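Have a look at the structure below before the remarks.
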Amino acid sequence: MGLWRPIKTFQQKWDCIVQERPLSETEVTQRQHNDFYLLQAVSRGDQVSRQKARDRWIQEGDENTKYFPLRIRASKIY
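In case it helps, full-length UniProt numbering puts the sequence shown at residues 1 to 78.
Right, dumping it as structure tokens:
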């Protein structure tokens, strides 16, 4: 959540500049680098979120945690 507002503001600034005038070669390169680093930051944030969810699931389980092992045991009995 906290990361998205600055990214959106940053992208809006670039979009305004592009609408006002063409970008110089330096600005195009700078924007490409910035987009690359923003994509990496978002990707890392997604990885952290997935890892936290996995850790939470391992610690707490979910509503199906008991159901599936019981079904497997029941099918082995019959």
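Ideal Cβ placement from N, Cα and C applies to all residues, glycine included. Predicted model, so just to flag it, every value in this text is computed and none were measured.
Close beta carbons around residue i, own chain, < 7 Å, minus the five adjacent residues each side
| i | result |
| --- | --- |
| A7 | Here residue 7 is Ile; the residue named in the question, Ala, does not match the sequence. Only L38 meet the Cβ criterion. |
| R56 | none |
Which listed residue (the options) has its alpha carbon closest to that of residue i
| i | options | result |
| --- | --- | --- |
| Q30 | W14, V42, R5 and S43 | W14 |
Same chain, Cβ closer than 8 Å to residue i, neighbours up to 5 away in sequence not counted
| i | result |
| --- | --- |
| R71 | none |
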